[in-house]
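Visitor: If you're matching them up, the sequences are chains A and F in order. The first sequence begins at 1 in the working numbering and counts up one residue at a time. The second sequence begins at 467 in the working numbering and counts up one residue at a time. Would you mind keeping the following structure in view while I ask a few things?
2 protein chains.
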Amino acid sequence: MMYGYYKAGRLDQEVVFDLFYRVNPCGNGFVVFAGLEQAVLYLMTLRFTEEEIAYLRQTNLFDEGFLGELAQFRFTGTVHAVSEGTVVFPYEPLLRIEGRLFELQLIESALLCFVNHQSLIATKATRMKLAAQTILFDDGGAISDFGLRRAQNRDASIFGARAAFIGGCSSTSNVAAGFYFGIPVAGTQAHSWIQSFPSELEAFRAYRDAYPDQTVLLVDTYNVLRSGVPNAITVGLELRKEGRDLLGIRIDSGDLAYLSKEARKRLDEAGFTETKIIASDDLDEDTIRDLILQGAAIDAWGVGTALITAKDCPALGGVYKLSAEKVDARYIPKIKVSENPQKVTNPGKKKWVRFYVNERANADLIMLDEEPVPAGEAVTLFDPIHTYKQKTITHYRVREMLQPIIVNGQMVYELPELIEIRAYAEKELRSIPSETLRLKNPHVHHVDLSRELWQLKQKLVQSARM
Amino acid sequence: MMYGYYKAGRLDQEVVFDLFYRVNPCGNGFVVFAGLEQAVLYLMTLRFTEEEIAYLRQTNLFDEGFLGELAQFRFTGTVHAVSEGTVVFPYEPLLRIEGRLFELQLIESALLCFVNHQSLIATKATRMKLAAQTILFDDGGAISDFGLRRAQNRDASIFGARAAFIGGCSSTSNVAAGFYFGIPVAGTQAHSWIQSFPSELEAFRAYRDAYPDQTVLLVDTYNVLRSGVPNAITVGLELRKEGRDLLGIRIDSGDLAYLSKEARKRLDEAGFTETKIIASDDLDEDTIRDLILQGAAIDAWGVGTALITAKDCPALGGVYKLSAEKVDARYIPKIKVSENPQKVTNPGKKKWVRFYVNERANADLIMLDEEPVPAGEAVTLFDPIHTYKQKTITHYRVREMLQPIIVNGQMVYELPELIEIRAYAEKELRSIPSETLRLKNPHVHHVDLSRELWQLKQKLVQSARM
Numbered sequence: 001m002m003y004g005y006y007k008a009g010r011l012d013q014e015v016v017f018d019l020f021y022r023v024n025p026c027g028n029g030f031v032v033f034a035g036l037e038q039a040v041l042y043l044m045t046l047r048f049t050e051e052e053i054a055y056l057r058q059t060n061l062f063d064e065g066f067l068g069e070l071a072q073f074r075f076t077g078t079v080h081a082v083s084e085g086t087v088v089f090p091y092e093p094l095l096r097i098e099g100r101l102f103e104l105q106l107i108e109s110a111l112l113c114f115v116n117h118q119s120l121i122a123t124k125a126t127r128m129k130l131a132a133q134t135i136l137f138d139d140g141g142a143i144s145d146f147g148l149r150r151a152q153n154r155d156a157s158i159f160g161a162r163a164a165f166i167g168g169c170s171s172t173s174n175v176a177a178g179f180y181f182g183i184p185v186a187g188t189q190a191h192s193w194i195q196s197f198p199s200e201l202e203a204f205r206a207y208r209d210a211y212p213d214q215t216v217l218l219v220d221t222y223n224v225l226r227s228g229v230p231n232a233i234t235v236g237l238e239l240r241k242e243g244r245d246l247l248g249i250r251i252d253s254g255d256l257a258y259l260s261k262e263a264r265k266r267l268d269e270a271g272f273t274e275t276k277i278i279a280s281d282d283l284d285e286d287t288i289r290d291l292i293l294q295g296a297a298i299d300a301w302g303v304g305t306a307l308i309t310a311k312d313c314p315a316l317g318g319v320y321k322l323s324a325e326k327v328d329a330r331y332i333p334k335i336k337v338s339e340n341p342q343k344v345t346n347p348g349k350k351k352w353v354r355f356y357v358n359e360r361a362n363a364d365l366i367m368l369d370e371e372p373v374p375a376g377e378a379v380t381l382f383d384p385i386h387t388y389k390q391k392t393i394t395h396y397r398v399r400e401m402l403q404p405i406i407v408n409g410q411m412v413y414e415l416p417e418l419i420e421i422r423a424y425a426e427k428e429l430r431s432i433p434s435e436t437l438r439l440k441n442p443h444v445h446h447v448d449l450s451r452e453l454w455q456l457k458q459k460l461v462q463s464a465r466m
Numbered sequence: 467m468m469y470g471y472y473k474a475g476r477l478d479q480e481v482v483f484d485l486f487y488r489v490n491p492c493g494n495g496f497v498v499f500a501g502l503e504q505a506v507l508y509l510m511t512l513r514f515t516e517e518e519i520a521y522l523r524q525t526n527l528f529d530e531g532f533l534g535e536l537a538q539f540r541f542t543g544t545v546h547a548v549s550e551g552t553v554v555f556p557y558e559p560l561l562r563i564e565g566r567l568f569e570l571q572l573i574e575s576a577l578l579c580f581v582n583h584q585s586l587i588a589t590k591a592t593r594m595k596l597a598a599q600t601i602l603f604d605d606g607g608a609i610s611d612f613g614l615r616r617a618q619n620r621d622a623s624i625f626g627a628r629a630a631f632i633g634g635c636s637s638t639s640n641v642a643a644g645f646y647f648g649i650p651v652a653g654t655q656a657h658s659w660i661q662s663f664p665s666e667l668e669a670f671r672a673y674r675d676a677y678p679d680q681t682v683l684l685v686d687t688y689n690v691l692r693s694g695v696p697n698a699i700t701v702g703l704e705l706r707k708e709g710r711d712l713l714g715i716r717i718d719s720g721d722l723a724y725l726s727k728e729a730r731k732r733l734d735e736a737g738f739t740e741t742k743i744i745a746s747d748d749l750d751e752d753t754i755r756d757l758i759l760q761g762a763a764i765d766a767w768g769v770g771t772a773l774i775t776a777k778d779c780p781a782l783g784g785v786y787k788l789s790a791e792k793v794d795a796r797y798i799p800k801i802k803v804s805e806n807p808q809k810v811t812n813p814g815k816k817k818w819v820r821f822y823v824n825e826r827a828n829a830d831l832i833m834l835d836e837e838p839v840p841a842g843e844a845v846t847l848f849d850p851i852h853t854y855k856q857k858t859i860t861h862y863r864v865r866e867m868l869q870p871i872i873v874n875g876q877m878v879y880e881l882p883e884l885i886e887i888r889a890y891a892e893k894e895l896r897s898i899p900s901e902t903l904r905l906k907n908p909h910v911h912h913v914d915l916s917r918e919l920w921q922l923k924q925k926l927v928q929s930a931r932m
């Protein structure tokens, strides 16, 4: 397509694209936006190497003028985006990008790939975290990412661990993710560790010798209650003599509700009331919630496949759509009409705001960029499909959601530390009504269009029909 | 765990690990093995950088002796594996790795990540390809990977495109995968291309001007039959005047069965009988098969999310298990017993063979490495669980499946070209009975254990029970 624009002499056509998604994944009521840092670093470093240009040359599809354009390619556009960790909803522009058609076309797939992936995994991690908490945002059970071996290749494991941390995970077993992003690394031993020693007890002792202050023992290699827990208690008593304690045990198979309760009883009887019980074994948010409802004595959850691949919903369907084109220094709104009404885009260069009532997110409003942001006066919102559904809000705080990240190719945004993003994401979740956070059949958050935008859309839809 | 082995003085313990999986993904009857090249290149280049060691040092978990071991880390083990593109079944060792416990423990997660991911996507692509073919292995419809924007980050898009090509895809829209692996790159324009021109016809003409010999036009931006197809025919007639032809049209929404048949009729009426119709829009193997059964006039299929994420089954559950330990120059078989009988491992250093009868794969046999391979004499195979189920085969060809890849840290295997791997995978599929290739409820291929291995396993299970 870039070559097509080049041949049509339209490289420098100024345009606006929106990146947004249409449907919340996994039956969730929202998405936790993530992947901005990766997208921004990509844009700021995007170049074509000589080797890449040589490859394109030998395809015999492109002329030399075009390859010359690629050789000097730099991203010179302007990006507005919401912060990583923001709770977002369908149709809201997550990134709004202005610039040369040539550049904005090139970056489409990479931006979508990064944002779709990280936002999906952050959202999935939030679902796990919400499921693990008997009382919302109470301390609840910690979730650890154990997904490396089942991730869809290396980047998915590393950026997936990052996104999972944003979404509420406490740690990862992926040391590379620890190295790149400073995520706390946690792990225990595998069954192969236990097997590789003459006996389970010797295996436990050897692990204790390596990590005396962080001894977590895998107790299900032979038999949890007849062998694993008694041997763990033996090692725990030995640790006691050194003035230390047994940090935890991990159960990775069998009935986790029954086994955890029995193990808790025996640990408590032996005086190990502070020793944590960690559960793993193909866990997902449904199983976590069910185990909690059954009174399982589980303090922390190791989650693998279901988290790192978002197993039941492994793709977020984010899209990247043209919304406006500059003609004589004016933005001309563009629309995509479709047989499928859900796929009709919102035209024009846009911004969006969130209304808070009593510090809870009440509704979001997408509006044209030139419209003034409501500032205290009563606002009447209406559903963009069923327009008779209206509500008026009066005592609200309003917040503009898009902020400048890159302006004319220059970074104007300081990328926050990962730990800050995670804290912000938690704050965001606290601002969302609990009905919207429900894991099944959540309340649908209001995302409305301003009257001006709605009217523009109707007009363009009409004129696009033939 | 590496640190634990170091502290226990067991770094140099010689061991054997098997990499295998237990359950075919996606309801399929087999897996197409892929990811070996990535695994091998990883092993041959694995090093700890100074920066990585500094990171590990500041965790305060490890002593300097251990960090010194890491600094000089090289993979010195021996790897046997099946070739990429081989059709494999549950419990068969796909890689068998011998070497120092220290090294073999480190590589577990990366090997699993690469092999699980690529084997999964190759298998999914094969399902698409089988669905698209009205007659098995007839030319059938081409499948193109359109998944980049929905891939689970960058590696998943690139190695996923590679695996999809092995599994039978004809091309990818991912130019980076073309660059790295020489996969044919194919694409058309997006809706945003059409939108960015004043009219659909002008957009079509501009695309034709860029790719006069490869003009494929997206016809569903406004209305397939009233606008897209008539405009495509107009451009096709213009191409005709230059002595060229219209290569194809793409339909990305609406009822693909109805629209493709109507579009075919109109293209044929206008003399464009050679113009291909390409379909896309959230396709998977079920939809492809249904559309073919409904007589859709579709020549090629662009598949995105369902392929690149293996949407309904996004992880292959490959595992990596200790099978033997060397003591005084002898391999002592090891077993993992589990509450779940499916999780009990096959002990010992093993190899496996495939029996062909009339050039079709008839059964596979896993055996101990020291056992002689059957060579013409009648062989009686029995089901390892329901041992009364037996069969005797006589006129067979036998093939040893594991071959040496790395010996004592040195590559002894020439990595085949990707195009060779793809051709081999197709040959492999032709050797599998069609009942086993069925997409739903396939015949279960026999994977049996030799009597010697079976008896060893029974003995070790008994002695492991307490």
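Yeah, the Cβ is synthetic: ideal placement off N, Cα and C, and Gly gets one too.
Out of 513/F, 503/F, 662/F, which one is the CA nearest neighbour of residue 535/F?
Guide: That would be 513/F, whose Cα lies nearest to the Cα of residue 535/F.
Visitor: Answer yes if the region 609-628 of chain F comes into contact with the region 770-778 of chain F, meaning at least three C-beta pairs across the two stretches below 8 Å, and no otherwise.
Guide: Judged by Cβ distances under 8 Å, the region 770-778 of chain F makes contact with the region 609-628 of chain F, as three or more pairs qualify.
Visitor: May I ask you to report which of helix, strand or coil DSSP gives residue 549/F?
Guide: It is coil, neither helix nor strand.
Visitor: Distance check for residue 750/F and residue 137/A, CA to CA, integer angstroms please.
Guide: Residue placement at residue 137/A is flagged as unreliable, the pLDDT there being 48, under the threshold of 50; the coordinate-derived value follows with that caveat. Rounded to whole angstroms, residue 137/A to residue 750/F spans 39 Å at the Cα level.
Visitor: Going by C-alpha distance, which of 872/F, 864/F, 784/F, 814/F is nearest residue 820/F?
Guide: If we check each option's Cα against that of residue 820/F, 864/F comes out closest.
Visitor: Are the region 241-250 of chain A and the region 266-275 of chain A in contact at 8 Å, needing three or more beta carbon pairs?
Guide: Touching, per the Cβ criterion.
Visitor: May I have the straight-line CA-CA distance separating residue 652/F from residue 311/A, to the nearest angstrom?
Guide: About 29 Å.
Visitor: What in chain F is Cβ-close to residue 1/A, meaning under 9 Å?
Guide: Those are 653, 654, 655, 656, 658, 659, 673, 676, listed as they occur along chain F.
Visitor: If you check the beta carbons only, do residue 163/A and residue 122/A fall under 8 Å apart?
Guide: Yes, Cβ-Cβ distance for residue 163/A and residue 122/A is below 8 Å.
Visitor: Cα-Cα, which of 632/F, 754/F, 737/F, 899/F is closest to residue 883/F?
Guide: Among 632/F, 754/F, 737/F, 899/F, the Cα nearest to that of residue 883/F belongs to 632/F.
Visitor: In chain order, what residues of the region 470-500 of chain F put their CB closer than 9 Å to some CB of chain A?
Guide: Listed in sequence order: 470, 471, 472, 473, 474, 476, 479, 481, 483.
Visitor: Excluding the 5 residues flanking residue 208/A on each side, which residues of the same chain have their C-beta closer than 7 Å to its C-beta?
Guide: If we look at residue 208/A and ignore the five residues flanking it on each side, its Cβ neighbours are 215, 235, 239.
Visitor: Step through the CB atoms of chain F and report whether any lies within less than 8 Å of the CB of residue 93/A.
Guide: Output row for residue 93/A: interface = no.
Visitor: Is it buried or exposed for residue 222/A, if we count other Cβ within 10 angstroms and need 16 for buried?
Guide: Buried.
Visitor: Tell me where the beta strand (DSSP E) around residue 751/F begins and ends.
Guide: No beta strand (DSSP E) contains residue 751/F, which is instead part of the alpha helix (DSSP H) from 751-759.
Visitor: Examine chain F for any beta-carbon lying closer than 8 Å to the beta-carbon of residue 159/A, and answer yes or no.
Guide: Yes, residue 159/A lies at the interface with chain F (some Cβ there is under 8 Å from its Cβ).
Visitor: Which residues in the same chain have their Cβ closer than 7 Å to the Cβ of residue 874/F, if we skip the five residues on either side of it in sequence?
Guide: Closer than 7 Å at the Cβ level, and outside the excluded window around residue 874/F, lie 542, 544.
Visitor: As a quick exercise: from 39/A, 384/A, 168/A, 356/A, pick the residue whose alpha carbon is nearest that of residue 367/A.
Guide: Looking at the Cα atoms, 384/A is the closest of the given residues.
Visitor: Does any CB atom of chain A fall closer than 8 Å to the CB of residue 647/F?
Guide: Not an interface residue.
Visitor: What first and last residue would you give for the alpha helix (DSSP H) that runs through residue 609/F?
Guide: Element bounds for residue 609/F: not the alpha helix (DSSP H) but the beta strand (DSSP E), 608-611.
Visitor: Which residues in the same chain have their Cβ closer than 7 Å to the Cβ of residue 421/A, if we skip the five residues on either side of it in sequence?
Guide: Correct list, in chain order: 84, 85, 166.
Visitor: Compare the C-beta of residue 720/F against all C-beta atoms of chain A and say whether one is closer than 8 Å.
Guide: So, interface residue.
Visitor: Got a sec: is the Cβ-Cβ distance from residue 462/A to anything in chain F below 8 Å?
Guide: Cβ-Cβ to chain F under 8 Å: no for residue 462/A.
Visitor: When burial is assigned at 16 or more other CB atoms within 10 Å of the CB, is residue 960/F buried or exposed?
Guide: Given a span of 467 to 932 for chain F in the structure shown, any question on residue 960/F remains unanswerable.
Visitor: Tell me whether residue 679/F sits in a helix, a strand or coil according to DSSP, three-state version.
Guide: In the structure shown, residue 679/F sits in coil (DSSP, three-state: anything other than H, G, I, E or B).
Visitor: Are the C-beta atoms of residue 152/A and some chain F residue less than 8 Å apart?
Guide: Output row for residue 152/A: interface = yes.
Visitor: Over the uninterrupted alpha helix (DSSP H) stretch that includes residue 817/F, give me the two end residues.
Guide: Looking at the DSSP string, residue 817/F is not in any alpha helix (DSSP H); the run it does join, the beta strand (DSSP E), is 816-823.
Visitor: First and last residue of the alpha helix (DSSP H) that includes residue 224/A?
Guide: Where residue 224/A is concerned, there is no enclosing alpha helix (DSSP H), given that its DSSP letter is neither H nor E.
Visitor: Hey, how far is the Cα of residue 904/F from the Cα of residue 494/F?
Guide: If you take the alpha carbons of residue 904/F and residue 494/F, they lie about 8 Å apart.
Visitor: At least one CB of chain F closer than 8 Å to the CB of residue 337/A: is that the case?
Guide: Chain F contact via Cβ: present.
Visitor: Is it right to say residue 175/A is buried, meaning 16 or more other beta carbons lie within 10 angstroms of its own, or is it exposed?
Guide: By the neighbour-count rule (16 or more Cβ atoms within 10 Å), residue 175/A is buried.
Visitor: Using 8 Å as the cut-off, can you tell me whether the region 93-106 of chain A makes contact with the region 16-30 of chain A, which would need three or more C-beta pairs spanning the two stretches below that distance?
Guide: Result yes; three or more Cβ-Cβ pairs closer than 8 Å.
Visitor: Where does residue 887/F sit, in a helix, a strand or coil, going by DSSP?
Guide: In this structure, residue 887/F counts as helix in the three-state DSSP scheme.
Visitor: Do residue 350/A and residue 331/A have their beta-carbon atoms positioned less than 8 Å apart in this structure?
Guide: Cβ distance not < 8 Å, so residue 331/A and residue 350/A don't count as in contact.
Visitor: Between residue 915/F and the rest of its own chain, which residues show a CB-CB distance below 6 Å, the 5 nearest in sequence each way excluded?
Guide: The answer, listed in chain order, is 832, 850.
Visitor: Would a check of beta-carbon distances place residue 221/A closer than 8 Å to chain F?
Guide: Yes - at least one Cβ of chain F is within 8 Å of the one on residue 221/A.
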